[in-house]
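Have a look at the structure below, then the notes.
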Amino acid sequence: MKILVATSKPFAPVAVEGIRKVVEANGCQMALLEKYTEKADLLAAVADADALIVRSDKIDAEVLDAAKQLKIVVRAGAGYDNIDLEAATAHKVVVMNTPGQNSNAVAELVMGLLVYTVRNFFNGKPGTELKGKTLGLLAFGNVSRNVARIAKGFDMNVMAYDAYCPAEAIEAAGVKSVATREELFEKSDIVSLHIPATPDTIHSINAELVGKMKQGAILINTARKEVIDEPQLLELLTKRTDLKYITDIKPDADADFAAKLEGRYFATPKKMGAQTAEANTNAGLAAAKQIAGFFKEGITKFQVNK
25 MKILVATSKP FAPVAVEGIR KVVEANGCQM ALLEKYTEKA DLLAAVADAD
75 ALIVRSDKID AEVLDAAKQL KIVVRAGAGY DNIDLEAATA HKVVVMNTPG
125 QNSNAVAELV MGLLVYTVRN FFNGKPGTEL KGKTLGLLAF GNVSRNVARI
175 AKGFDMNVMA YDAYCPAEAI EAAGVKSVAT REELFEKSDI VSLHIPATPD
225 TIHSINAELV GKMKQGAILI NTARKEVIDE PQLLELLTKR TDLKYITDIK
275 PDADADFAAK LEGRYFATPK KMGAQTAEAN TNAGLAAAKQ IAGFFKEGIT
325 KFQVNK
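Taking this note's numbering, the leading residue of the sequence shown gets 25, the next gets one more, and so forth.
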């Protein structure tokens, strides 16, 4: 079996070596395609691959057509909107993700960005504290649970809304459950987004919803760019000069956000959530182990397509 690790944004070297050890210990061969810039390179590399590990790499119908032997693709990370699930199913290719492996890294980033923000981006002027503030979490998955854990250490009040997670499960984690998204935005000093990009959530963070936020509130997005209605958010924040928007996913209109929202907007140079050595290694090793389990025992626990 040939397992291809194809990453335009490479894993850390220690992660690559860890993946190689898992692959070879299970009697498979590992091939490596890193820092590629042309899709043709990926198409050539997948031609004889039985399994594929990717990060944010686009796996579409063209790639799947080229991968005649491919049986499984594992996205090393939680989000998998970079993979065409329908095309994978049509090609009888199993697609998995590695949920939870990056969760702590993203959660720590959220809290780091919030400290940076409430301290006025460390510009020397007096800021505020997180203690006593209400943090609202939109969705309550692995990342949100870690954010809640850390936020409690700051003595923050934490609430959450998740359309698919029972209120009892949220409350059992020591977090207050609210009944609607609107209530979450109305009652929180800070709202942190942790929703995936789906037909129901794309552009769902709009002017009507964000406009319900308190005076001086902060919206932070470490989830997906597509969930934001950028034109509406920019127009609202231009009028609501008390609100701040912080993200590790640059908007398409980043220059306009920066120019019009000076002192109230910050975006990292690139997506930073999973950019730690630990998360990098955890996700890569999990992907390799899931492929081994799939080939040896037919385990499909983390399959995301049907």
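Using N, Cα and C, we set each Cβ at its ideal position, and we do this for glycine too.
By the C-beta density criterion, residue 289 is buried, having at least 16 other C-beta atoms within 10 angstroms. Taking each of 282, 291, 75 in turn and checking the Cα distance to residue 273, the smallest one comes out for 291. Within the DSSP secondary-structure output, residue 25 pairs in no beta bridge. In this structure, DSSP gives residue 245 an extended state, which the three-state scheme calls strand. If you ignore the 5 residues before and after residue 248, its C-beta comes within less than 6 Å of the C-beta of 221, all in its own chain and listed in chain order. Less than 7 Å divides the Cβ of residue 161 from the Cβ of residue 184. In chain order, 119, 328, 329 place their CB closer than 7 Å to the CB of residue 109, counting only its own chain and leaving out the 5 sequence neighbours on each side. For residue 102, no alpha helix (DSSP H) segment is defined, and its DSSP state is neither H nor E. Between the stretch 262 to 272 and the stretch 232 to 245 there are three or more inter-stretch CB-CB distances shorter than 8 Å, so the stretches are counted as touching.
Nearest to residue 43 by alpha-carbon distance, out of 193, 78, 85, 177, is 78. Within the same chain, Cβ atoms closer than 8 Å to the Cβ of residue 277 are found at 254, 255, 258, the five residues on either side in sequence being excluded.
Secondary structure within the stretch 34 to 74: the beta strand (DSSP E) runs of 3 or more consecutive residues, fully enclosed, are 53 to 58 (chain order). Rounded to whole angstroms, residue 25 and residue 301 show a C-alpha spacing of 28 Å. With respect to residue 219, residue 163 sits close: the two C-beta atoms are nearer than 7 Å. Taking the C-beta atoms as reference points, residue 214 is found nearer than 7 Å to residue 159.
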